Each structure stands twice: as structure tokens, then as C-alpha cells.
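The structure appears right after this line, and notes come after that.
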Amino acid sequence: MGSPSGGVNGGGVSDPEAAVQAAHLQMLSSIVPSDEQGRAALTQSYHHAFEGFAAALTEKEAAALSGHERVVSVFKDRALQLHTTRSWDFLEVQSGLQSGRLGRRASGDVIIGIVDTGVWPESPSFNDAGMRDVPARWRGVCMEGPDFKKSNCNKKLIGARYYGVQPESSAPNASSSAMATPAATGSPRDTVGHGTHTASTAAGAVVSDADYYGLARGAAKGGAPSSRVAVYRACSLGGCSTSAVLKAIDDAVGDGVDVISISIGMSSVFQSDFLTDPIALGALHAHQRGVLVVCSGGNDGPNPYTVVNSAPWILTVAASSIDRSFQSTIALGNGDVVKGVAINFSNHSLSGEKFPLVFGAEVAAHYAPVAEASNCYPGSLDAQKVAGKIVVCVSTDPMVSRRVKKLVAEGSGARGLVLIDDAEKDVPFVAGGFALSQVGTDAGAQILEYINSTKNPTAVILPTEEVGDFKPAPVVASFSARGPGLTESILKPDLMAPGVSILAATIPSTDTEDVPPGKKPSAYAIKSGTSMACPHVAGAAAFVKSAHPGWTPSMIRSALMTTATTTNNLGKPLASSTGAAATGHDMGAGEMSPLRALSPGLVFDTTAQDYLSFLCYYGYKEQHVRKISGDARFSCPAGAPSPDLIASAVNYPSISVPRLQRGKPAAVVARTAMNVGPSNATYAATVDAPAGLAVRVSPDRLVFSRRWTTAWYEVSFDVAAGAGVSKGYVHGAVTWSDGAHSVRTPFAVNVL
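Following the UniProt record's numbering, the numbering of the sequence shown begins with 1 at its first residue and continues without gaps.
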């Protein structure tokens, strides 16, 4: 993946796009041997937000290209992972505000770009009834395919592109003809369901009586129902090509979107640096063009250092639960009832047949280790012993997923599966028509004790029931990736939003595993993941943008972060799925509150200069940063590189101090706040800090004579040599208040 930056001489070609492609092809041809010029072809060419191209190269050619004076970075075209109704109402309740009065300030001309698996345009979530004409500034297209016509786009779904490409050989002096040709089977149509779900979550129209086979019934809607949607199909079931994702970001910026939602990313195990990460690279240029990029933080939690998409110019999203759960009850033969969690549509009933209940270890296949049978390993169960019974399995090996255990039990002829596992118990597994329920270790011990107490244990697993007004909520989801991120000088994730059991539009499934017996495919699905949390924030950002069209991407991010809530529906501090108090590395600034974000009082505007300084302090050479900025006169600030100076260099709505030594000079971080509220405002600071950590704000009062004026302050962090603060990260917050607004900036400090 070549990524040259800077102006390109058109060489007499009148079409600017063709001129850029010709220049890219000329650069490519310069490093491909003369006897192999037939394969010098571009698979992608980027020219809206930044310049670059994708092409098939050998390792030697890639190395040669990386030495070109106009090339910032060269990286392999990898596959990225997809990060897979009531939620919006729940957010409104948690805010304590009413949407009617504040919502009237929003318009319907904000455009959200969804980079994902495409869209199912026939979904009622993309109905454009009552919408105004498409904004005149829109420059996008509605690409056609064998199963997708221009008429599939409308005033709601205003654009659709796809990136299924196969490189073609062509003459080395060609321009646009040197581009790879879209595959004949390409189409913006979603064949996975992920993209349709995320798009409708962000900006779906209001659809009454939506449900998933009777569950979660209610009005389905996006966070910005009046906003427009443009989809960019860069992904399939197998993942997402990095070159396609980069092209999608580039096209979205060129098309005129305001917000880009990306629910994909690299594995936390294989994270690359900022300038070889296509999402980070594309998002940086998008931010420079005034487009906010919102990304999912990944599903590799709850371990620390797992969050991805953590560049400071990206709004990184964690996932939380809402006040709704799905209960799957297990009725034991002795009359005891055990409450489990899952989504199943079994035909079991209290008045019907009772099924024998067995532990996996008791029905192990010949030569299969008991430990494997206990975990429902593939091939570990004896089908003859299992047939017609409900199997109980544990989960002492995380390598075997819930879906695999379900398939193993179902494939062995079981009538149901009870899974004993505390992990992911907060995320109901969707089992379709198969009877499945998940319980924790305490309830599991009760079930195993019953099995051992009688000769013929029996049970039934009842169909799922919805439980409303569930408490506590929200809770940080177990799968939600945790910080710190790639650099510990920026607190990540930024924000938390609903991502557990989210009802939204999907594609009509033909998979019998998903459709209960005797039912038609549902137009809506319940999914979980930071993939579902990300479009919630994208929709909220569009909502704020519609009310404040002149705000920059970082002002919108700041408004969402500083107004986030940190208490649950019991009025207690937010907690993680383990029950421990949630920290900034779990939830960022907290659970987003879109209505509060409309009037934040103060914002922290992070400039393009901040991000360039960040790259310098992080360790990138000045010449590379100049290429990225397009400014040949740019100079890195004094002291670079120095990761310890990043915290002050980037005017971020949160603070992270990666190294604070006891008895050493205090760490001092500066911030500049902008007043976006009334004139003649005075804000006073309060500090919430753990015992032993001395936090001082100077000055501790900020006075703003007018709107749009700014004020500077410093926050110092110090630990006395004998202070009783344990090693590692401690968390707190600085909150500014004028009596009407509360502006909270969380901090994380690593005490050495």
C-alpha cells in the first residue's frame, strides 16, 4: 500500500482525477521492472482527503517505493475484523432531559457515512417518507450492481458504493484505464447483515412495532432519524481489505459526509503504528477536512491494552448494556427454577415433556478426555448418549466459543444446552430455535448438585422472556476492549455507548440456525459488540452537528465526552461487568448523553497542529510529518520526540499521565477551554482524586466575557514519597461548573 502525499503535476491531463491516477501510475511504473510493466496497475487510487494508491508489489518493490521522497508509508493490504430500540430511549432517560424541546434545534441535512458490509435498502429503516430533498452539497453516487439499482437510493439512503475489485493488466501510460475493474458480482447490497444493522442504528427512520420474533418489540430508530445515510461496502463476511477501507474513507470525504462510522479494526494483538494503520491514516486526513471519524474500540476485552482504533483524532467507542435483559429459565425436575440468560425460541414448556439432564463429562465419546467433554469440545460427546437429553457444559477453556458449544450439543442430538460460564453472561447468546441458557458458577453448582442427587434428573429450558427496567444499567460490556491504547499519553477509549443486545435492521436470513422453526426471517436482529456501540455515537455526533453545524469534529467529540454520565440507573458509579468500579480505561469519559451534549458549556477544540505535534512527540521524523501535513515549512516543536510531552501537546477532553514517579517533580498538563455557552460565564473547578494523589488546578476559576472566547489552565499531579497510593493507574476527574453546566474531564495517572 503506497501512500504518497502532496501535490501532483497533472502533466497536461485535464481531468484532475485522471491526472492524479496518471501520476500514481508513473510512480508505480518507476519501481516495477521494465519487462514486467504489464502488471503495473492500481487497485485503488486515493485523491480526496489525501493522495495514495494500492497496487500489487513484491517485497523488493515495496521497499523501493518506501524510499521515494513523496511517500509517507507503505504497508501490506491486510484484512480487518468486523466488530460486531430501547437503547436511544434509555439514553434519554439517563440524561434526565426531554428530547422534544432540545431536538427541535436539529436539522436533517447531516450526512453519515457507514463503512461496513453494505446495506439492505428495502428495510423500512431506510424509508424516506417526509424527508426533504437531498442536500445540494452532496457529491456522492449510487453505484449499481446485479442486485442493486439507483432506484434503491432515496432521500434517506442517498449514496452507496462498493469496492469488490480485481486488478487488471493495462498499459503503463494509461490513467483511469489503469484502475482495477469492479468485479461483475459487486454490489453495495449487504449479504452479512452487519452494515445494515450499524447504518440503521446510526440514522434509521422511526419504525413502529419492530421486533425480533416477538422480543424487544417497540419503535426502532437511529440516533439521528432525520439524517442521511451513505454506505460504503468495503467488507464481507471474511473481513475488510485495508485498501478498500482506505478508499471508502477517501470517497466518503470527497462525497461530502459529515460523520464517518467505522465498526471495524485490527486485532489488538497485531496493532500497527499510526501511519501504517489505514483507518488511522484515513481518519487523520478526514479530520483535516472537517469530518469526524467514529470507530469501535474492539471486542477483545476485558483485558487491558486491548483497545484499537486509538489514534487521538479518532473518537473511540466502548460498549455498555442497557436496562433490558433476556431471561431463559431452567426448570429442574425437583421443582427448582434457575434464571439464566440467552435468546432462544425453544418448544419446551412446563406442561410438556421433561428431558433427561446430563453433565458433559458423563456422556463423553470413546477416548475423549473428560475435560473436553465437560467443555463441549468438538468431537468430545457421544451422540448416542446425548440424543434427546439436555447437556450441561462448563467453560474452562475460552478457546471454545459459545456458538461452537451450541453446535456441538445440537449436532450430537441434544434437546438443549445449559452453559455454566460467568464470562460473557452479560451478553445474551442468540441460539435461535435451540434451547440454550447460560448461568453463572453459583447457579451452575446448584444444577450439578441436582444432577448428582437423583437417579433420573430432568429439566426444560423455557423460551426467552424479555426483562425490562433491568438494574444496574448501564454496565461496561465484558467483551468491550480496554485501554490503555497504542500510546498511553492519550486516554482511550473516549466514550461508552449501548452495544449489548441492540435491535436494529438486518438482511432477511436464509440460515436455518438463525430462524426459529415455522417463522419467516426477521427484518430486525439483536446483535452485540462495540460494532453496535460505534453507530450510536456516530448518530449522536450527527445529532449534535445538526444543532451546531459550525462546530469542528473535535468540538463535537468534546461535547459528547464532557457531558457523559458516570452513574447508573441506581444512582451509583458505573461498574464493569465484573462488578468492579469502571475506570477511564473501561468506559472513557462515561456513557454518552446526546441531549446533554447539545449544551456542553465548554469544549476543548483539538487542532490539526495538535495532531501534527503529537506525531512529532510520538517519534515520527519531521520530514514524514511534513508530508502528512502538506506543509513543507512545518517544524516539529522543541523537545520532540518525547512521549511524556504528548499529554500537554494535544488539547484533549481527557488527561492521561503515563509516568508519575513518587517524590519527583509533579507532572503538569495544560488545557485550553472554549466557551460555547452564554457570555459573562464563570466556571469553578472541583477535583475528584484518589487518596494520596495531589491534584491542583491553576487557575481554579475561569472567566469568559463572551461566547467563543478561550481560557487556559494547568493541572498538576503529584505523589509524595510516603503517600499510600499503590503502583499502577489511578483515576479521577476535574469538573468545571458555572451552576448550569458540568464539564467533566477524566484523568488516568500511572504511579510508578
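Cβ coordinates follow ideal geometry from the N, Cα and C atoms, glycine included.
All values derive from a computational prediction rather than experimental measurement.
*Is E513 helix, strand or coil by DSSP?*
coil
*Got a sec? Which residues, its chain only, sit under 6 angstroms from V743 by beta carbon, not counting five neighbours each side?*
T562, G601, L602 and W736
*Alpha carbon to alpha carbon, how far is A373 from residue 762? Give it in angstroms, no decimals.*
This structure cannot speak to residue 762, because the chain is shown only from 1 to 752.
*asked:* If you measure between the beta carbons of S522 and G301, is that distance less than 8 angstroms?
replied: Not a contact, by the Cβ cut-off of 8 angstroms.
*beta strand (DSSP E) containing G239: first to last residue?*
G239 to S241
*My guess is that E424 and A216 are in contact by the Cβ rule of under 8 angstroms, so how many angstroms apart are they, rounded?*
Not quite, the Cβ-Cβ distance comes to about 19 angstroms (not below 8 angstroms), so this is no contact.
*Within 8 angstroms, strictly: CB atoms of P474 and V317*: no
*So, helix, strand or coil for Y163, using DSSP?*
In this structure, Y163 counts as coil in the three-state DSSP scheme.
*C-beta contact flag for I31 and A54 at 8 angstroms*: no
*Name the DSSP beta bridge partners of S325, please?*
Paired residue(s): V467.
*Determine the contact status of F614 and P312, defining contact as a CB-CB distance below 8 angstroms.*
yes
_Exposure label - A581; buried when at least 16 CB within 10 Å_ = exposed
*In terms of residue numbering, what span does the alpha helix (DSSP H) encompassing F614 cover?*
A608 to Y618
_Opening and closing residue of the beta strand (DSSP E) in which S737 lies_ = G728 to S737
*Backbone CA spacing between A504 and G223 [nearest angstrom]*: 12 angstroms
*With 16 as the cutoff for other CB atoms within 10 Å, does S328 come out buried or exposed?*
The C-beta of S328 has 16 or more other C-beta atoms within 10 Å across all chains shown, which makes the residue buried.
*asked:* Whole angstroms are fine: how far does the CA of P484 sit from the CA of A252?
replied: 29 angstroms
*In terms of residue numbering, what span does the beta strand (DSSP E) encompassing Y450 cover?*
Taken as a continuous stretch (DSSP letters only), Y450 belongs to no beta strand (DSSP E), being part of the alpha helix (DSSP H) at T441 to S453.
*Would you mind giving the Cβ-Cβ distance between P463 and S576, rounded to the nearest angstrom? I have them listed as a contact below 8 angstroms.*
About 30 angstroms; that fails the 8 angstroms criterion.
*Which residues does DSSP pair with Q44 in a beta bridge?*
A54
*Grab me the residues of A361's own chain with a C-beta within less than 6 angstroms of its C-beta, minus the 5 sequence neighbours each way, in chain order.*
V370, A373 and S374
*For T196 versus V119, is the C-beta distance shorter than 8 angstroms?*
yes
_Quick check on this structure: which residue in M587, S243 and G413 has the alpha carbon closest to the alpha carbon of R233?_
S243
*Determine the closest residue to P508 out of A538, R189 and S453, with distance taken between C-alpha atoms.*
R189
*asked:* I'd like the list of long-range same chain contacts for residue 755, defined as Cβ closer than 7 angstroms, with 5 residues on each side in sequence excluded.
replied: Outside the displayed range of the chain (1 to 752) lies residue 755, so it cannot be described from this structure.
*asked:* With H, G and I counted as helix, E and B as strand and the rest as coil, what does DSSP make of D190?
replied: coil
*Could you tell me whether the Cβ atoms of F359 and V460 are closer together than 8 angstroms?*
no
*asked:* Could you pull the DSSP bridge partners for I390 from this structure?
replied: L357 and G416
*Where do the ends of the beta strand (DSSP E) carrying T487 lie?*
In the DSSP annotation of this structure, T487 is not part of any beta strand (DSSP E), being labelled neither H nor E.
*asked:* I need the DSSP call for S310, collapsed to helix, strand or coil.
replied: coil
*asked:* For P517 and S380, what's the separation of their Cα atoms in angstroms?
replied: 27 angstroms
*Put D209 into one of helix, strand or coil per three-state DSSP.*
strand
*Is S263 closer than 8 angstroms to D426 when the C-beta atoms are compared?*
no
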